[in-house]
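Residue numbers (the numbering used here), protein chains in the order written: chain A, 1 to 428; chain B, 429 to 957. Ideal Cβ placement from N, Cα and C applies to all residues, glycine included. These figures come from a predicted structure and were not determined experimentally. These notes are about the structure you will find just below.
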Amino acid sequence: MKIKSLAAAIALSGATFIAMPSMAADDTIKVGVLHSLSGTMAISETTLKDTVLMMVEEQNKKGGLLGKKLEAVVVDPASNWPLFAEKARELITEKDVDVIFGCWTSVSRKSVLPVIEELNGLMFYPVQYEGEESSKNVFYTGAAPNQQAIPAVNYLKDELGVERWVLAGTDYVYPRTTNKILEAYLKDMGVAEEDIMINYTPFGHSDWQSIVADIAKFGSEGKKTAVVSTINGDANVPFYKELGNQGISSEDIPVVAFSVGEEELSGLDTAPLVGHLAAWNYFQSVETKENEEFITQWKAFTKNPDRVTNDPMEATYIGFNMWANAVKKAGTTDVDAVEQAMIGQETPNLTGGVAVMNKNHHLSKPVLIGEIQDDGQFETVWKTEGVVPGDAWSDFLPGSKDLIADWTDPVKCGNYNTETKTCSGQNY
Amino acid sequence: MKYLISFCLLMFASWMPVHAASTETLLEQLTTTKLSKLPDIVEQLAAQEDESLLPVFRAWLAGDLHYVKDSNAIVVEIDVQGNDAYVDPFTQVQLEGISSKDVKKIKVNNKLRGLLRGVIARLQLTSNNADVREGAVRELLADVDEDTFAALENLYPKESNNDVKEMMQTALSIYTAMDKSSSQTSRVAAIEFLGGSLENDVRNALLKLSRDSNEAVAAAADKALVNINRQVERYALVDQLFFGLSLGSVLLLASIGLAITFGVMGVINMAHGEMIMLGAYTTYVVQLVMPNYIDYSIWVAIPAAFLVSGLMGVLIERLVICRLHGRPLETLLATFGISLILQQLVRTIFSPLNRQVSTPSWMSGSWEINPVLSLTLNRLYILAFALLVFLALVFILKKSSLGLNVRAVSQNRSMAKAMGVKTEWVDAMTFGLGSGIAGIAGVALSQLTNVGPNLGQAYIIDSFMVVVFGGVGNLLGTLVAAFTLGIANKFLEPTTGAVLAAILVLVFIILFIQKRPKGLFPQKGRAAE
């Protein structure tokens with residue numbers, strides 16, 4: 001009898017133990033956050049974690065979704081690429097999340113992709129990247145190369161009359177692919193081989209003397225020269241410092257960067273950078289009602305009046321709002337239903353206008369070019385007239401010219417060849 | 429609505445004859461005009477040739493030009509003890525009761541900056557300061573038009589300073605050489621004069637001229653270009669050598685502390701990079717404490733960094749390393765652990781973001797020897813500083829009683845102990861000295877690179893490489909190795925690229941160590957045992 005009741009007690013406690021999480025899952029909609037909170041990428045990714053938490057809090061104030069409260073589940077992949085895959089698996093199978101917001105570097109996204117496709121999860125990726133990818137389970141709310149790099153080159157060519165190009169980047173997948181696209185694009189426009197200089201440096205490169213001297217020499221041939229920089233992270237500071245020290249001003253050789261935003265500028269002396277350019281889909285300095293509200297909200301949420309906002313934050317904002325709308329439209333958090341409901345979603349940009357989610361899981365967004373000011377903000381000097389639809393497969397690379405991604409019927413493919421009318425199934 | 433008004437104003441302005449627009453109305457328009465239309469206004473303002481506008485142009489160029497929202501009055505932002513204040517550009521009188529909320533910035537972009545520089549240069553041609561006049565003429569070299577030519581021709585006979593005169597003649601020659609209506613002989617003569625100038629704008633002009641339809645002119649331009657290019661290449665070599673020396677000095681600074689702890693004491697100290705990082709953070713804290721004296725902060729930071737890193741070194745030695753004496757593998761692991769602890773400590777205290785360390789004004793900019801050769805000042809100072817630290821260290825080891833004890837202990841510990849040397853005290857002091865020097869290196873590096881938690885990791889590998897390559901336990905070896913690696917790297921980089929250059933240097937060192945395991949200058953005699 002005694003033993004029996006003990007066994008019953010155990011069984012009962014076991015049952016409640018098992019029942020607990022599933023009950024919690026019924027009560028709330030779980031939002032997974034997969035951003036590094038430690039290691040080298042913590043600098044950039046912590047901000048995005050806070051952004052998602054702020055959006056969740058905001059949505060809960062509005063009454064949640066489908067009558068349920070949202071609950072953020074935060075994990076720390078610690079800037080460790082294989083760990084991203086493990087944490088993604090943990091989020092989907094153990095924590096039972098309905099959606100994941102996460103990743104920054106391309107290598108971390110590539111590490112998560114097989115997991116998220118295998119388990120049929122749903123992820124929003126908020127950072128500008130090199131393209132050449134479209135997964136059914138991922139929505140790309142950052143810029144594809146044709147939404148950042150190509151317009152920047154057009155601006156330099158048309159507005160500043162640039163004829164000679166330095167493509168400088170850190171040695172990894174994003175700069176290499178972007179530069180390959182840009183090189184092909186420039187050659188298409190009739191730029192000669194000898195007017196393009198390509199240079200790669202290791203991560204965290206700190207001694208820029210001879211490279212900057214090379215750039216100066218390359219730029220002293222009587223043709224207007226510009227640097228298109230995909231230099232990543234820390235290495236930017238000594239690079240701009242060296243430019244300043246060697247007396248190269250933004251009027252002589254302007255540098256347009258794709259990885260330097262407000263957050264990066266907040267940690268450094270901007271004097272040598274004034275006048276250099278950056279291409280993004282968002283600047284904090286843009287004056288719209290939505291942006292003002294967002295900035296006030298962000299400063300209140302972080303309790304820091306000096307905190308800045310940046311482009312990947314806007315991408316997270318757009319992604320989150322679209323997902324919330326798609327869940328409402330689908331009436332469920334089921335991945336397949338939400339995925340179909342996402343396509344065609346519209347939500348206001350922070351820079352004015354409306355962002356649209358396209359069939360290839362990329363956004364249509366405006367492109368802005370800004371000049372760095374001495375207060376660490378950008379002054380918008382140029383903006384595309386309408387929105388630019390994100391192109392998953394670049395038109396300027398021989399391998400991907402004929403490829404498109406279309407996740408609606410009848411194609412339903414991330415890698416569809418319009419020439420041979422076949423779907424390769426290789427989405428990334 | 430605002431745009432509509434500015435549009436109307438603009439239409440109005442374009443209908444008016446240019447000379448009718450007075451300075452006042454033009455300045456008024458600055459407050460309403462769109463960025464893309466501002467260049468027109470700059471040109472109209474420049475056409476006034478009014479020297480009293482110079483402060484307006486200068487402030488605009490620097491991004492300090494604002495207007496008061498209520499009155500549309502143009503004001504210049506100045507800094508009064510860290511606060512923004514506003515002055516009238518014409519009278520320089522400070523305006524009371526205006527705060528940063530009441531004003532709006534007049535925008536400036538690269539196109540405007542270029543225009544403004546030209547306008548300022550033209551107004552400065554008659555300045556009293558010869559350097560300013562020379563700078564103004566140099567600024568105008570890029571685009572010598574008819575008006576400039578006439579103005580310069582007018583000023584040339586009156587000019588007393590020879591440097592300015594030569595610069596003016598260069599500008600005049602560019603115009604003459606480019607002017608197709610002047611005679612062939614005068615054009616060729618002008619080109620021959622230009623052949624002696626290293627100015628970049630001259631080279632650009634000659635490049636254009638070498639494609640001239642007049643064959644004699646094209647040939648003269650080619651000849652002048654060959655001459656200039658030869659000189660430029662010679663200076664480029666000097667430049668590259670300087671880059672190499674500069675990288676070498678950074679390597680020397682980073683590794684010289686390790687040369688003591690690893691070289692002399694034989695401790696594999698993986699936390700050496702973090703000692704450098706602590707020094708860099710000390711510089712940051714010192715600047716935080718004395719924000720108004722950035723120019724002098726370095727002189728406080730150097731001893732402070734030495735003390736902070738040195739004390740941390742003594743602490744590590746007393747608490748960890750001395751207990752692991754003679755167990756190199758455990759020491760390696762323990763110090764690696766300490767390096768991670770220190771990194772996380774800094775992340776917790778200062779946040780993972782990089783900290784901003786300002787460069788003192790006397791260290792920024794460059795020393796221009798001629799238009800193609802200029803040495804950056806901060807690198808020049810760091811090179812001198814590295815050599816100074818090296819000499820001081822050699823002096824301490826060779827001439828002081830601490831140095832004598834250090835050498836005695838490192839050569840034969842038990843014998844030194846028998847002779848009454850307090851070996852434990854010597855160990856702690858040596859480790860403290862090595863760590864302190866690393867801290868000083870951090871002060872220098874804070875001027876070149878990011879101050880962040882990962883600063884030390886970037887230099888630890890290089891430091892070990894230099895010490896091993898130079899020969900463990902030999903300070904002179906460290907010096908030679910640092911400069912050899914620095915120069916080799918910089919001469920490889922232009923041809924192979926930065927990534928491959930680093931790899932090639934590593935491969936070279938591996939091969940070298942295979943051949944000579946004890947480095948460039950191996951220890952000889954009893955010390956080698």
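If you check the beta carbons only, do residue i and residue j fall under 8 Å apart?
i: residue 133 (chain A); j: residue 427 (chain A); result: yes
i: residue 549 (chain B); j: residue 564 (chain B); result: yes
i: residue 151 (chain A); j: residue 279 (chain A); result: yes
i: residue 31 (chain A); j: residue 99 (chain A); result: yes
i: residue 319 (chain A); j: residue 66 (chain A); result: no
i: residue 886 (chain B); j: residue 206 (chain A); result: yes
i: residue 616 (chain B); j: residue 648 (chain B); result: yes
i: residue 285 (chain A); j: residue 378 (chain A); result: yes
i: residue 270 (chain A); j: residue 253 (chain A); result: no
i: residue 818 (chain B); j: residue 684 (chain B); result: yes
i: residue 926 (chain B); j: residue 202 (chain A); result: yes
i: residue 393 (chain A); j: residue 400 (chain A); result: yes
i: residue 725 (chain B); j: residue 713 (chain B); result: no
i: residue 899 (chain B); j: residue 949 (chain B); result: yes
i: residue 623 (chain B); j: residue 644 (chain B); result: no
i: residue 759 (chain B); j: residue 729 (chain B); result: no
i: residue 281 (chain A); j: residue 173 (chain A); result: no
i: residue 102 (chain A); j: residue 34 (chain A); result: yes
i: residue 374 (chain A); j: residue 491 (chain B); result: yes
Here's the rule I'm using: 16 or more other beta-carbon atoms within 10 Å means buried, otherwise exposed. How should residue i be labelled?
i: residue 503 (chain B); result: buried
i: residue 717 (chain B); result: exposed
i: residue 917 (chain B); result: buried
i: residue 634 (chain B); result: buried
i: residue 521 (chain B); result: exposed
i: residue 311 (chain A); result: buried
i: residue 721 (chain B); result: exposed
i: residue 588 (chain B); result: exposed
i: residue 49 (chain A); result: buried
i: residue 287 (chain A); result: exposed
i: residue 457 (chain B); result: buried
i: residue 807 (chain B); result: buried
Quick test of your reading: residue i and residue j, contact by CB under 8 Å. State the CB separation rounded to the nearest angstrom.
i: residue 512 (chain B); j: residue 499 (chain B); result: Not quite, the Cβ-Cβ distance comes to about 18 Å (not below 8 Å), so this is no contact.
i: residue 308 (chain A); j: residue 277 (chain A); result: Rounded, the Cβ-Cβ distance is 18 Å, inconsistent with contact.
i: residue 864 (chain B); j: residue 737 (chain B); result: 5 Å
i: residue 130 (chain A); j: residue 145 (chain A); result: 6 Å
i: residue 139 (chain A); j: residue 313 (chain A); result: Actually they are not in contact, since the Cβ atoms of residue 139 (chain A) and residue 313 (chain A) sit about 16 Å apart, beyond 8 Å.
Going along chain D in order, which residues have a C-beta closer than 9 Å to the C-beta of residue i?
i: residue 486 (chain B); result: Absent here is chain D; the protein component of the structure consists of chains A and B.
Near-chain B residues of the segment 277 to 294 of chain A - C-beta to any C-beta below 7 Å: none
Short-range partners of chain A found in the segment 538 to 555 of chain B, where Cβ spacing is below 7 Å: 538, 541, 542
Where the segment 196 to 210 of chain A meets chain B: residues whose CB sits under 7 Å from a CB there: 199, 200, 201, 202, 204, 205, 206, 207, 209, 210
Whole runs of the beta strand (DSSP E) within the segment 382 to 423 of chain A, excluding any shorter than 3 residues: 403 to 406, 413 to 417
Secondary structure, alpha helix (DSSP H): runs of 4+ residues fully inside the segment 52 to 91 of chain A: 81 to 89
Interface positions of the segment 237 to 250 of chain A facing chain B (Cβ-Cβ less than 7 Å), listed along the chain: 237, 238, 245, 246, 247, 250
Contact residues within the segment 360 to 385 of chain A, judged by C-beta distance below 7 Å to chain B: 371, 373, 374, 379, 381
Beta strand (DSSP E) segments (min. 3 residues) lying fully within the segment 483 to 555 of chain B: 493 to 496, 502 to 508, 511 to 515, 531 to 533
Chain-ordered residues of the segment 636 to 657 of chain B with a beta carbon less than 8 Å from chain A: 636
Segments of 4+ residues assigned as alpha helix (DSSP H) that fall wholly inside the segment 639 to 725 of chain B: 643 to 686, 700 to 717
Selection of the segment 33 to 50 of chain A by Cβ proximity to chain B, strictly under 7 Å: 40, 42, 43
Chain A contacts from the segment 656 to 675 of chain B (Cβ-Cβ distance under 7 Å): 667, 668, 671, 674, 675
Near-chain B residues of the segment 215 to 227 of chain A - C-beta to any C-beta below 8 Å: 217, 220, 221, 222
Alpha helix (DSSP H) runs wholly inside the segment 167 to 200 of chain A, at least 4 long, in chain order: 173 to 188
Contacting positions in the segment 877 to 893 of chain B - beta carbon closer than 8 Å to chain A: 877, 878, 880, 882, 886
Beta strand (DSSP E) segments (min. 3 residues) lying fully within the segment 308 to 391 of chain A: 346 to 348, 354 to 357, 363 to 365, 368 to 372, 378 to 383
Members of the segment 921 to 945 of chain B near chain A, C-beta cut-off 7 Å: 921, 922, 925, 926, 927, 930
Contained beta strand (DSSP E) runs [length at least 3] in the segment 757 to 826 of chain B, N- to C-terminal order: 794 to 798, 801 to 804
Residues of the segment 182 to 195 of chain A with Cβ closer than 9 Å to any Cβ of chain B, in chain order: none
Contact residues within the segment 795 to 808 of chain B, judged by C-beta distance below 7 Å to chain A: 802, 804, 806
Within 7 Å of chain A by C-beta, residues of the segment 767 to 782 of chain B in sequence order: 780, 781, 782
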